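Just so you know, we're using the working numbering here: the sequence shown kicks off at 392 and counts up by one.
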Amino acid sequence: MSLLVVGLSHRSAPVSVLERAALTADAQAKLLQDTVAAEPATEAAVLATCNRIELYADVDKFHAGVAELSTLLAQHSGVGLDELTPHLYVHYEDRAVHHLFSVACGLDSMVVGEGQILGQIKDSLAVSQELHTAGRLLNDLFQQSLRVGKRAHSETDIDRAGQSLVTFGLEQLASGTPVETWAAGRRALVMGAGSMSSLAAATLARAGVAEIVIANRTLARAERLAQILTEQDGTGVSARAVPMDSVPAELTRADLVVSCTGATGLVLTAEAIEEALEGRVPAPGTPRTAGTVHTADARTAAAPAADPAGGTGLDTEDGCPLDLSAVQGTAGFSVAGEAAVAGMAAADLEQHAAWVDKGAEERGARVSGAAVADPEAEAEVISALAATAASVGRIPEHRRPEPVPEAPRPAPVLALLDLAMPRDVDAAAHRLPGVRLVDIETLAGASADAPMAADVDQVRGIVSDEVAAFGAALRAAHITPTVVALRSMAADVVAGEIARLEGRLPGLDTKHRAEISQTVRRVVDKLLHSPTVRVKQLAAEPGGAGYADALRTLFDLDPETVASVSRAEDAEAVEDAASADTADTGVTPESTENTENTENRGRA
């Protein structure tokens, strides 16, 4: 086995790099074709999700394979090799198998234990089979990874930790409140109609939202999803479909937006979101409560607070040595404080002190509802600074700005959950008053602090056992073509000797000829049985790959005969794998529905 995987994930790379390296469905297909066309690789498969991009290949040279796969990933992702390399990880042979099995069990997911990855692995295998880039090794590997993942979920309770990415994102938006309580009665807009969007819509329906609007480039797909939601038992949710050009209008009504499209650029800009807030339409009967921010309220809340010392509320510069227009509205800056006079010459400082004394009472009267500094205490500070300036010539530069009250941020009225990679929603939206944005980067940070389930150790044990079994089976299978070639050679020898016997004894009757032939074949079979069974057992052990070479050398087997047997078995195995039904892989319809299918997202 020469299995090699080169990739990057949320564990090795920042989201900004993952976002730029994301592959479209077309880019994945081209990457697969270019990989098998490269010299070191004979098979290839790509596993691309929201938080990982991995290229699997069967290579004949490790170092050449790593170099080639890394270069191909850089070329097709559009991220320079120098920039991409520090974030790449490499696994080889058994470590590569261990990695994929861990991924299939959800141990390497952003949300530990999530089951959506099973559908993604199945989709990855299907694409490789369709493009004929997966041979016997990758077919066996990916099929077995699906079985291992299914076993982990059925034999342990890792599902208790394994939320979907949708559920985890909604929990972050709810900020400690139960999702069902937080989501009840809200109006939701779901952008996209692929598998992740479908999962989001179904999750929201179960959580009790009042309405779900599905927006998609292909309206028919959105209509199908809306119909499924409407017919879903036990939810009573109202669902309808709209084209993507209706999103601006729908944003003015929505309380929650979940986006997971296949777009390569932003779907929602900060400007579009701000315009939607400007024209926001409250739900019928919704009172203007403390948690509801309308446009005028948002502007008032976002305005900088008046400077208690008068730093931002002055209209005149008469007698002030500072450029007040330059510091107008600067947070943490008081024209009467230490930050203002840092570095000021002694003569300017005296002028500034006089200006402060003259205007302190006037400025204090103009600040409504704010605590005003004591003019006498302020004068003492200025006098102390003047004394320092007189002795050293200038005020020291290293002074802290005076703190000012931070403007309170209004409660969010629009929640955004962006599950796309690259992102759909402009990251600048989180700065808008009344907006709460959770995206893949937010989830990556939150998942780092998430507790690990007690069942994780049990799943790790399953993975280790399955890796050992897969390696043994693979090594045993590796010697099978050699054993088949040996038995074929023995059969040819028997046939030749029987033919020679018939030439020397032409009068031999049919009954005796058949008895002699059967006896000779039994003798050969018995002689070969024990060695071939034992060599398969030895070959299944670590380091047993050399037994195939020993057999070929001892019996002088034709390498081309062995290779032809191997090719025939590989072709048969690939055909069997491609025709296997869902039950054989251990993947349920539910697990395939809850995937982040890149191809579906690309069509959304």
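Every residue, glycine too, gets a C-beta built ideally from N, C-alpha and C. Computed from a prediction, not measured in an experiment: that's the story for all the values here.
What are the start and end residues of each continuous alpha helix (DSSP H) run of 4 or more residues lying completely inside the stretch 540-595, in chain order? 556-565 and 570-574
Output the distance between the C-alpha atoms of Val581 and Leu537, rounded to the nearest integer angstrom. 29 Å
Simplified DSSP assignment, three categories, for Pro813: coil
DSSP three-state call for Leu472: helix, strand or coil? helix
Give the straight-line distance between the Cα atoms of Asp636 and Glu665, rounded to the nearest whole angstrom. Distance from the CA of Asp636 to the CA of Glu665, rounded to the nearest whole angstrom, comes to 17 Å.
Cβ-Cβ distance between Val443 and Ser493 below 8 Å: It should be pointed out that residue 443 corresponds to Arg in this sequence rather than to Val. No, they are not a contact pair.
Thr873: which of Ala890, Gly825, Thr910 and Asp947 sits nearest, CA to CA? Asp947
Beta-carbon separation of Glu410 and Pro813 under 8 Å? yes
Quick check on DSSP: helix, strand or coil for Pro897? coil
Across which residues does DSSP place His482 in a beta bridge pair? Val396
Could you spell out the range, first to last residue, of the beta strand (DSSP E) harbouring Leu647? Leu647 to Ser650
With distances taken from CA atoms, which of Glu893, Leu865 and Ala661 is nearest Asp817? Proximity to Asp817 across Glu893, Leu865 and Ala661 peaks at Ala661, based on C-alpha coordinates.
Looking only at DSSP bridge pairs, what is Pro950 linked to? Per DSSP, none; premise fails for Pro950.
If you follow the alpha helix (DSSP H) that Thr426 is in, where does it begin and where does it stop? Ala416 to Ala428
What span of residues does the alpha helix (DSSP H) with Glu521 cover, start to end? Gln507 to Glu521
Residue of Gly825, Leu810 and Asp809 minimising C-alpha distance to Pro803: Gly825
Sufficient close CB pairs (3 or more, under 8 Å) joining the stretch 567-581 to the stretch 523-535: no
Closest to Ala412 by C-alpha separation, out of Ala465, Pro639, Ala876 and Ile605, would be which residue? The candidate whose alpha carbon is nearest that of Ala412 is Ala465.
Quick check on DSSP: helix, strand or coil for Thr440? strand
Assign Asp972 to one of three DSSP states: helix, strand, or coil. For Asp972, the predicted model reports a pLDDT of 43, less than 50, meaning its position is unreliable; a value from the coordinates is still stated below. In this structure, Asp972 counts as coil in the three-state DSSP scheme.
My assumption, with CB atoms under 8 Å, is that Val885 sits in contact with Val924. Please give the rounded CB distance. That belief does not hold up - the Cβ atoms of Val885 and Val924 are roughly 20 Å apart, past 8 Å.
Just to confirm, are Leu356 and Leu422 a CB contact at a threshold of 8 Å? Since the first residue shown for the chain is 392 and the last is 995, residue 356 is missing from the structure and cannot be characterised.
Proximity to Glu362 [Cα-Cα], best of Glu622, Arg631, Ala598 and Ile508: There is simply no residue 362 to check, as the chain begins at 392 and stops at 995 in what is shown.
Is the stretch 471-488 touching the stretch 858-873, taking contact as three or more C-beta pairs under 8 Å? yes
Per-residue burial, Asp856 [other beta carbons within 10 Å of its own, 16 or more giving buried]: exposed
Can you tell which of Ser650, Glu641, Gln534 and Phe533 has the C-alpha that lies nearest to the C-alpha of Val557? Ser650
CA-to-CA distance, Ala565 to Val457, given in whole angstroms: 43 Å
My assumption, with CB atoms under 8 Å, is that Ala997 sits in contact with Val850. Please give the rounded CB distance. This structure does not reach residue 997, given that the chain is present from 392 up to 995, and the question cannot be answered.
Does DSSP classify Arg827 as helix, strand or coil? strand
Consult DSSP for Ser500 and reduce its assignment to one of helix, strand or coil. Here Ser500 carries a coil assignment [DSSP, helix/strand/coil].
Classify Gln359: buried if its beta carbon has 16 or more other beta carbons within 10 angstroms, exposed otherwise. The first residue shown for the chain is 392 and the last is 995, placing residue 359 beyond what the model contains.
Determine, using beta carbons only, whether Phe453 and Leu395 come nearer to each other than 8 Å. Taking 8 Å as the Cβ cut-off, Phe453 and Leu395 qualify as a contacting pair.
Would you mind sorting Ser586 into buried or exposed? The rule is 16 or more other CB atoms within 10 Å of its CB. buried
Between which two residues does the alpha helix (DSSP H) containing Ala525 stretch? Element bounds for Ala525: n/a, residue is neither H nor E.
What are the boundary residues of the alpha helix (DSSP H) that Ser407 is part of? Val406 to Ala412
Measure from the alpha carbon of Phe533 to the alpha carbon of each residue in Leu509, Glu622, Ser461 and Val600, then state which is nearest. Leu509
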